[in-house]
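Sequence lines, in order, name chains F and X.
Each residue of the first sequence is one higher than the one before, starting from 1 at the first, in the numbering used here.
Each residue of the second sequence is one higher than the one before, starting from 1001 at the first, in the numbering used here.
Protein chains: 2
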Amino acid sequence: MRSNESFASAIRLRGMKLTRQRQLILEVLESSRGHPDAEMVYAKAKERDPRIGFATVYRTLALLKQLGLAEEHNLGEGHGHFEAVDKTKPHFHFTCLKCGKVVEFVSPQILRTTQSLCEKKGLLVTDIHLHFSGYCRHCRPAGSECAEKP
Amino acid sequence: MRSNESFASAIRLRGMKLTRQRQLILEVLESSRGHPDAEMVYAKAKERDPRIGFATVYRTLALLKQLGLAEEHNLGEGHGHFEAVDKTKPHFHFTCLKCGKVVEFVSPQILRTTQSLCEKKGLLVTDIHLHFSGYCRHCRPAGSECAEKP
DNA sequence: GTAAATGCAAACCGTTTGCTGTACA
DNA sequence: TGTACAGCAAACGGTTTGCATTTAC
């Protein structure tokens, strides 16, 4: 909940209001371990505020994205998945095409390479969405050429 | 149109039929320079076959994806964009958040890093979707910290 | 008190599906 | 000629919007 104060100040800075629902949705997102979609956020929020509506969830998720407190990812399901941002830990996602498992990755090297590409082309990169898909250790067809190291 | 024969054989191998519409949609995709969405593909196809329908476009794009002849990308617009695959040239996309321009990237280093991550975790990667967003050279706010090299 | 946000339902938009007629093999 | 496909329109699912009401400030 440490981001609650920064949320409050960012909101007030813009002349917006810190409502019960907005706080709730941020809390739901921060306490979610995985990558909930809007429906899951709605369901979890509804447990604590049965009167909350879908529109509020979507509007608040959009607001959190704008404020840099949440990220939306396309994990290959055709709809958005959300995640509270921890700026100290940028990471990427792998989705198994068979079992649907999502694995998170950290790769400082990819961040570095991206930064260097950005500099070369004069681009200011604000977001990196790197999404792998394929087959995880357990769903991989036997004899596939990607060797597993012990 | 060099992929037409491989398209024909791939199709026949599966007991499917090589229709006028399927050939047309592949040709439209191959002759498109950018990253058309389904609607743009439909519009271009319709110029040459006014009776073609949306369903055929979607079904054929899905087929081309399955056969590895087309890729679908999320370029941050909330709907799919398509591209004919040139297997010799895997690349990534940057979208400018202000002017919408899409820049293509090649980075063997990122491919290598990805491959190495894949090996370490025992994952078989079949697809890499790397999408940057931010501001291009012309839309970048002045004084932004990402230095441009001459 | 007043501007902004909520909740509801309807609209929206990209995509998929069921069905009947058409055309490839 | 038989089977897969096309075209149409209706359904679908996720998301957005308009509007009356509520709420934070």
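Beta carbons are placed, not taken as given, at the ideal position from N, Cα and C, and that holds for glycine.
As the structure is a prediction and not an experimental result, all values here were calculated from the model.
Taking CB distances under 8 angstroms as the criterion, tell me whether residue i reaches chain F.
i: Gly1081 (chain X); result: One detail in the question is off: residue 1081 (chain X) reads as His in this sequence, not Gly. Closer than 8 angstroms: no.
i: Asn1004 (chain X); result: no
i: Leu1117 (chain X); result: yes
i: Asp1037 (chain X); result: no
i: Thr1114 (chain X); result: yes
i: Lys1121 (chain X); result: yes
i: Leu1075 (chain X); result: no
i: Val1125 (chain X); result: yes
Would you mind stating whether residue i and residue j have Cβ atoms separated by less than 8 angstroms?
i: Arg80 (chain F); j: Glu72 (chain F); result: One point to set straight first is that residue 80 (chain F) is Gly, not Arg, in the sequence displayed. Yes, they are a contact pair.
i: Leu1097 (chain X); j: Arg140 (chain F); result: no
i: Leu75 (chain F); j: His91 (chain F); result: no
i: Val1041 (chain X); j: Gly1068 (chain X); result: no
i: Glu1083 (chain X); j: His1035 (chain X); result: yes
i: Ser1133 (chain X); j: Thr126 (chain F); result: yes
i: Ala1043 (chain X); j: Ile1052 (chain X); result: no
i: Cys1099 (chain X); j: His1138 (chain X); result: yes
For chain X, find out if any of its Cβ atoms is closer than 8 angstroms to the Cβ of residue i; answer yes or no.
i: Ser9 (chain F); result: no
i: Ser31 (chain F); result: no
i: Lys89 (chain F); result: no
i: Ala142 (chain F); result: no
i: Tyr135 (chain F); result: yes
i: Gln109 (chain F); result: yes
i: Lys149 (chain F); result: Unreliable placement is indicated for Lys149 (chain F), whose pLDDT of 36 sits below 50; no coordinate value is reported for it.
i: Cys146 (chain F); result: For Cys146 (chain F), the predicted model reports a pLDDT of 47, less than 50, meaning its position is unreliable and no value from the coordinates is stated.
i: Ile160 (chain F); result: In the structure as shown, chain F starts at 1 and stops at 150, and residue 160 (chain F) therefore has no counterpart that could be examined.
Using three-state DSSP, classify residue i as helix, strand or coil.
i: Cys1139 (chain X); result: coil
i: Arg1116 (chain X); result: Sequence check: residue 1116 (chain X) is Ser here, not Arg. It is helical.
i: Ser1009 (chain X); result: helix
i: Ile25 (chain F); result: helix
i: Ser133 (chain F); result: strand
i: Glu1077 (chain X); result: coil
i: Leu1124 (chain X); result: strand
i: Arg1020 (chain X); result: helix
i: Val1106 (chain X); result: coil
(message) Does the structure place the segment 19–36 of chain F close enough to the segment 57–66 of chain F that three or more beta carbon pairs sit under 8 angstroms?
(response) yes
(request) Could you tell me whether the segment 1096–1109 of chain X touches the segment 106–120 of chain F, where touching means 3 or more Cβ pairs closer than 8 angstroms? (result) yes
(request) May I ask you to verify whether the segment 27–40 of chain F touches the segment 6–13 of chain F, counting CB pairs closer than 8 angstroms and requiring at least 3? (result) no
(request) Select from the segment 1094–1106 of chain X all residues with a C-beta closer than 9 angstroms to any C-beta belonging to chain F, and list them in chain order. (result) Phe1094, Cys1096, Leu1097, Val1103 and Phe1105
(message) Closer than 9 angstroms between beta carbons: that is the criterion. Which residues of the segment 37–68 of chain F meet it against chain X?
(response) none
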